[in-house]
Each structure stands twice: as C-alpha cells, then as structure tokens.
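First to last, the sequence lines map onto chains A and B.
Each position in the first sequence, counted from 1, maps to that position plus 1431 in this note's numbering.
Each position in the second sequence, counted from 1, maps to that position plus 2 in this note's numbering.
Cβ atoms here follow ideal geometry from the backbone N, Cα and C, with glycine treated the same way.
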Amino acid sequence: MEGFIALYIFMLAAFTGYEVISKVPTILHTPLMSGSNFVHGIVLVGAMVALGHADTVSEQVIGFIAVLLGAGNAVGGYVVTERMLEMFKSTKEKV
Amino acid sequence: MDSTFTSAGIAHWLIQASYFLAAVLFIYGLKQMSHPRTARSGIIWAGVGMVVATLITYLEPAMHNYLLMTVAIAVGGIIAWWSGKRVAMTDMPQMIALYNGMGGGSAAAIAAVELLRVLTGKGLTHEAFAARELAVVGALIGTIAFSGSLIAFAKLQGIMKKVYRFPGQQVLNAVLFLALLVLGFMLARTEFSSFEFYLFFGLALLIGVFMTVPIGGADMPVVISLYNALTGLAVGLEGFVLQNPAMMIAGIVVGSAGTLLTQLMARAMNRPISNVLFSGFGTGDDGGSGVAVSGSMKAIDAADAAITMAYAEKVIIIPGYGMAVAQAQHKIWELVKLLQDKGVKVSFAIHPVAGRMPGHMNVLLAEAGVPYDLIYDLEDINSQFTTTDVALVIGANDVVNPAARRDKSSPIYGMPILDADKAKNVVIIKRGQGTGFSGIENLLFFEENTRMCYGDAQDVAQKLIAGVKAV
C-alpha cells in the first residue's frame, strides 16, 4: 500500500475515534473503555498471520504467544464488557 | 484483474470484504456503546465483527502452523472466558488492565516475529512503506503497554501494595528511553544482531515497569486508560506492517478514542497527563503536610446517623471505592428506597474519578438496580450541597477533600471535588482512621459538621437500614 494512502487511513481513523467518543456520558466511561479494549483485540488477526508465516522455532514460539495473548484480549474484553452492559439492561427495564 | 475468478482470487476478495465488514462493525459498535440505550447491542455488533475477521483469517494464503494457531486461540480464549466470567464486578478495572496488557503484548510479539524475519534475512511478510520503522515503533509502544498494564493489574489486585520511588528515577527513565531510541534506530535501519533485538525488548519491558511503579492513588484510572490507548496505537501500527486494514482501522480508532478518554479523565482531576506520569501523586510522602489539621474526628453510631437521615429533607450519597470493596451497593439501594418511602429526597453524586475507574460507581449502582435519574455528575449536583441536610460519604476520600480548594501545598490542590463539606451534616462511612488509597489527610473528616461512622460499608448500611426502619 502506498505511503500516502496509509497516512489517509491513519488520519480518518483517528478523527473517527475522536468523534465516536466525544459525546459519551460519564455513566458509560468504564464500559466504553472496556469495549474499546475489546476492539483492539483484533490484534488476534495479525498474530494469526504472524504465526501462519513462522518457520523457525523461535518465530513459532513468539507467534504462539502472540496468538495466545491476542485471543485473551479479544475474549476477555468481550466477556467483561458484556457483563457490565448487561447490568444497564436490567436497570432500564426496572425503570 | 484476470485472477478474480480463481479460487485464490475469490479467497482474497472474501478476506478483504470481511475485514471491511469487521471495521464497519467495530466503529458502529463503539458508536452504539456511547449511548446507554443501545450500549448492549454495540458490544454484540463488535463481537460479530471480531468473529468474522478471525474466521476469515484462516483463509489467508500461504500460511501454515494451523494446529498451533487453533490451540493458542482455544487456550487463550478459554482462560480469558473463564476468568472474565468469574471475576467480581468490583475487580473489573484490573481485569481490563490485564486484558489490555495481553493485547499490547500480542502487538509487540507480532513485531518481534517480523523483526526476527529481518534478522534471519527473510525480510518482512509484506514489504511496504516504512513497514520496518513502524514495526519497531509498534513494538516499543506495545511492550510498554504490556508490562505497564501488568503492573497496574498487580497494584489494583493488591499483589503489589507499595509505591516504589527512588532518587534519580526520572534520570534513569530518560537514559533508558534514549537507549531504546538508539536500539530502535538500529533495528529499523541497520543490520542488527540478536543481541540488540533482545536488549531492545528487555529494556522496553523494563521502562514499562519503571513508568508504572511510582504511580499510585487516584491516578490509576488515567494510567489504565492511557495504556489502553497505547495498545490501540500499537495494534494499528502493526496493522500497517502486516497491511491488514481491519487492524489498522480498529487500532487507530481505539488509539484516538482512548487518548480522548484519558484526557477527559485527567481534566476531571485538573492534572495534565504529564503530571500523572512524572510527578508521583498520592504516594504518601508528599501528602498531608500543608495546612495544619485542626479539630478532631467525631464518631457517630449508625443508629443516630439513621435518625438524622430519616428526618432529613434532602440526602446526597457520595459513593467511593469503599462501597465497591464492601459490595455495599445493594444494601445502599435498599436504604435509599426506605428513605424515599419516608419522603426524603435522595440522589447520588458521582465524581468522575470515584473508585478505580471513571464510571466505576455507575456500573456498581446499575448492578444494584439504581435508576439513572437519581445519579448526578459533579457539575450537575455541586450547587445543591448548600441546601442538603445530609451528605452520606461511603468509602470515598480524595474526591471530597476540601484541601483541593484550600490547601495550596496539597498535591490535589485545584482538583474539582464534590463540595460535601457545604452540606448541613456530613456522615462518613469508613473502615478505619487511616488515610485513603492516596495517603493524603482528608480535611473534611475534621470539620465541625462531620461525623464518622466506622465499619465495613455493608455492615454499616445494614445497621442504617435497621435504624431507619425503627424510626
């Protein structure tokens, strides 16, 4: 990919992140931090590619660790966020 | 393109389309998560995006090690699932720190694999514009986020209780950072050896530890948020290295959203982020030495406090970490309902950094079933304390300390606080006489209108309930 296209993606994604968060009520700060923590669990995909191309033992070991940690980030982030937001649902239904 | 209808061409198209879909779902999910009503569907949409992206990655061309890959996903996933389901609501902040550290570590490990390929002469998986430089920068940021988050986890979990500081710490950090810049340059631009490779990662781990051990007290939420943003950035950078659009977009979006969130938190405490990182707030050795404390702490028993509240017109409850530790939110809500039956107007005041994370208290109150129209932010409720009969502080400390307004030498001077001291009566539920997590003496406890109600928040709440019922 050409350098400038990468730069455009970087710029647009950065503004998107800023806009998405800018109007969040305090009540959702923790769940949202947790949710964004889940979203960067996408690192799992890159870890899979890195392990998928690993040939030597040391590459395989580090690649394995990368996938293991990435999966932990994605799954753990999801479970924790879902549990937190679950409580908002019950609150709303009682009101 | 004539390769479009070959199986490789179709796989390529499917992969790209799935990554695009995942990126859309992540952004849509985050957007949904920023409104209380749609928040739950937000995480589910983002989850769908993650599953799609993960499954389609198995179709990436020229890969092997599928068994290892699947085992790693299963083991990492199951451990995280199990720990995430099991952990108590009060321990959520450190779990977020832990999972965030994993993400940072994963991004750093990706960079390590890529740099090992360079070391052995094979070259990067994808040669792209500035790919090697970005890999090195991502490696540095990811490794710092990894070791820093693990320290934050250890601190919040109570594994590491002390704040470690020694003279010359800043100088040492600066030297380490310079060394990392030099090593990083060598990794990015020269034919480096495995010595430089391992030294780079070793020092990066170390600086993450050194940056986090001196930070304590009320600054921890800001630090976790900062590391969350750093991990996002590292993931985005490694996305550029691997030419993976889903990683680029999700990583950078989280990087910028996390930076904004960190700024919002730091602003709520009236402290620039650089202060949080470099000046060591709430370490115990710089607190409580300013204005001489006058007066003494006056105790009250729960029964008397209950009577005061039952005959009040207006009560404001200020929850803090003590409520979280004691899991007292259910009992507190029970108490509030009893008071409401007696015609008392009750509301909750939440300081932006109460507890260990912003919104920590909101989550706990939501768990207990407190409707959100009773819950107010600092700016919305602060003017009401002067007309309030009782301010009930449950295990909160720094966020109600008037030293922030009065004592110029206090480390928290200038931080916006809840003006509980302006209420007619202040009742503080607190476990012991010591200072809080930050180690700063609280002037509020010595005020003329303040009464201390010692005990575990849950037990005291139980006694208050009994007291109100008896009125």
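P1456 (chain A) by DSSP, collapsed to three states: which one?
coil
Under 7 Å, Cβ to Cβ, is there at least one residue of chain A near G289 (chain B)?
Because G289 (chain B) carries a pLDDT of 40, less than 50, the predicted location of this residue cannot be relied on, and the following value inherits that uncertainty. Judged by the 7 Å Cβ criterion, G289 (chain B) is not in contact with chain A.
From which residue to which residue does the alpha helix (DSSP H) around L394 (chain B) run?
Judged by DSSP secondary structure, L394 (chain B) falls outside any alpha helix (DSSP H) and instead within the beta strand (DSSP E) spanning V392 to I396.
Between N230 (chain B) and the rest of its own chain, which residues show a CB-CB distance below 6 Å, the 5 nearest in sequence each way excluded?
In the same chain as N230 (chain B), and ignoring 5 residues on each side of it, the C-beta atoms closer than 6 Å to its own belong to N102 and G260, in chain order.
DSSP three-state call for S1467 (chain A): helix, strand or coil?
helix
Does the distance from the CB of A356 (chain B) to the CB of M363 (chain B) come in under 7 Å?
yes
Within the 7 Å Cβ cut-off, does H362 (chain B) reach chain A?
Under the Cβ distance rule, H362 (chain B) counts among the residues neighbouring chain A, one pair being separated by less than 7 Å.
Can you list, in chain order, the stretches of the beta strand (DSSP E) that have 3 or more residues and sit fully within the segment 286 to 349 of chain B?
316 to 321
Whose C-beta lies closer than 6 Å to the C-beta of K316 (chain B) among residues of the same chain, with five residues either side of it excluded?
K347, T390 and D391
So what's T192 (chain B) in DSSP terms, helix, strand or just coil?
coil
Report the CB separation of L1482 (chain A) from L70 (chain B) in whole angstroms; it is logged as a contact under 8 Å.
6 Å
Determine the contact status of F148 (chain B) and G107 (chain B), defining contact as a CB-CB distance below 7 Å.
yes
Could you give the distance in angstroms between the alpha-carbon of A305 (chain B) and the alpha-carbon of D421 (chain B)?
25 Å
Once you ignore the five residues that flank A41 (chain B) on each side, which residues in its own chain have a CB closer than 6 Å to its CB?
Non-local C-beta neighbours of A41 (chain B) in its own chain, meaning closer than 6 Å and more than five positions away in sequence, comprise M35, ordered along the chain.
Any beta carbon of chain A sitting closer than 7 Å to that of R407 (chain B)?
No, its Cβ sits nowhere closer than 7 Å to a Cβ of chain A.
Considering only C-alpha positions, which residue in the set B:Q96, B:G78 and B:R119 is nearest to A1485 (chain A)?
B:R119
What would DSSP say about N444 (chain B), mapped onto helix, strand or coil?
coil
Output, in chain order, the set of chain B residues within a Cβ distance shorter than 7 Å of V1488 (chain A).
Correct list: empty, because the minimum Cβ distance to chain B is about 11 Å.
Can you check whether the CB of A308 (chain B) is closer than 7 Å to the CB of L100 (chain B)?
No; because the gap between Cβ atoms is not below 7 Å, this pair is not in contact.
With 8 Å as the C-beta to C-beta threshold (strictly closer), list the residues of the segment 1446 to 1466 of chain A near chain B in chain order.
F1446, T1447, G1448, Y1449, V1451, I1452, S1453, K1454, V1455, P1456, T1457, I1458, L1459, H1460, T1461, P1462, L1463, M1464, S1465 and G1466
Can you tell which of B:F28, B:P63, B:P354 and B:A405 has the C-alpha that lies nearest to the C-alpha of G51 (chain B)?
B:F28
Along chain A, in chain order, which residues have C-beta atoms closer than 7 Å to that of K87 (chain B)?
V1510
Could you tell me which chain A residues have their CB closer than 7 Å to the CB of A132 (chain B), listed as they occur along the chain?
G1434
With DSSP run on the structure shown, which of helix, strand or coil describes Y378 (chain B)?
strand
Output, in chain order, the set of chain A residues within a Cβ distance shorter than 8 Å of S227 (chain B).
M1464
From this set, A:V1474, A:M1442 and A:I1436, which residue's C-alpha is nearest S258 (chain B)'s C-alpha?
A:M1442
Taking any Cβ of chain A, which residues in the segment 362 to 379 of chain B have a Cβ under 8 Å from it, in chain order?
H362, N364, V365, A368, E369, G371, V372, P373, Y374, D375, I377 and D379
Going by DSSP, what residues sit across from A351 (chain B) in a beta bridge?
B:Y378
Classify K164 (chain B) as helix, strand or coil using the three-state DSSP reduction.
coil
Three-state secondary structure (DSSP) at F283 (chain B)?
In this prediction, F283 (chain B) scores a pLDDT of 47, lower than 50, which makes its location untrustworthy; the coordinate-derived value is nonetheless stated afterwards. Three-state result, F283 (chain B): coil.
So for I431 (chain B), helix, strand or coil by DSSP?
strand
Does L1438 (chain A) have its Cβ less than 7 Å from a Cβ in chain B?
no
Does T8 (chain B) come out as helix, strand or coil in the three-state DSSP assignment?
coil
V470 (chain B) to D343 (chain B), Cα distance in whole Å?
11 Å
What does E116 (chain B) touch in chain A if you count any residue whose Cβ is under 8 Å from its own?
A1481
On the criterion of 16 or more Cβ atoms from any shown chain inside 10 Å, does F1469 (chain A) qualify as buried, or is it exposed?
In the assembly as shown, F1469 (chain A) is a buried residue. Its beta-carbon has 16 or more other beta-carbons within 10 Å.
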